[in-house]
Structure formats: C-alpha cells, structure tokens
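Below is one structure, written out as structure tokens, with a few remarks after it.
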Amino acid sequence: LTYYTPEYETKDTDILAAFRVTPQPGVPPEEAGAAVAAESSTGTWTTVWTDGLTSLDRYKGRCYHIEPVLGEKDQYICYVAYPLDLFEEG
269 LTYYTPEYET KDTDILAAFR VTPQPGVPPE EAGAAVAAES STGTWTTVWT DGLTSLDRYK
329 GRCYHIEPVL GEKDQYICYV AYPLDLFEEG
C-alpha cells in the first residue's frame, strides 16, 4: 500500500487532519508522512491475520500534502485524508 499520494484529491466525505512531524535524520518527509497515515489508519508493523479479509486500500489514510513549518528546521505539516468509512458511528 502506498500511503503518500500527492496526486490524491480530497473528497467531501473525507475526514482531514494535519500532523506536525519531525522525521528522524535521514528519513524524507514523504516517508514520515506516509508512516503517520499508515499507523493512524490501516498500517501496522506486524502481520495481522485479518489483513486478507478487508480491502485495506479502501480504508487507508492518505498523506496528500506536506509543507515545511516556517522557521523550524526539519519540521513539516503532513496533511492526511481518511475515508469516512474508516470510523464507526458514535
């Protein structure tokens, strides 16, 4: 799955979030933004037995834009869109 998708156009039904990130030295901001989108939606660092039961691409968060924080070295705002279906009502 690709969680960094700069070509993605947000939808009216997406839930939008902005995260301030400071990547580890040597990690590009795109990779850090993708990691935020993954870990906050369908990604995980371990194998999960339910992975094959659901279309993860349908529910994944997408980091669609990254911009540097003005006046701060190596800090970025990563914008992530989540499909509404990722969340439960209530």
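So our numbering is basically just the index in the sequence shown, starting at one, shifted up by 268. Think of the CB as a built atom: it goes at the ideal place given N, C-alpha and C, for glycine as much as any other residue. Predicted, not measured: the structure shown is a model, and the values here were computed from it.
Pairwise C-alpha distance: residue j and residue i
i, j, result
"Tyr-350", "Tyr-344", "19 Å"
"Glu-335", "Glu-357", "32 Å"
"Phe-287", "Pro-296", "15 Å"
"Ala-306", "Pro-274", "15 Å"
"Lys-279", "Leu-354", "14 Å"
Short Cβ contact (8 Å threshold) for residue i with residue j
i, j, result
"Gly-339", "Tyr-271", "no"
"Tyr-276", "Tyr-332", "yes"
"Ala-285", "Val-348", "yes"
"Asp-325", "Pro-291", "no"
Reduced DSSP category for residue i - H, G, I as helix; E, B as strand; rest coil
i, result
"Val-289", "strand"
"Val-304", "helix"
Start-to-end residues for the alpha helix (DSSP H) that takes in residue i
i, result
"Glu-275", "Unbroken run through Glu-275: none, as it is neither H nor E."
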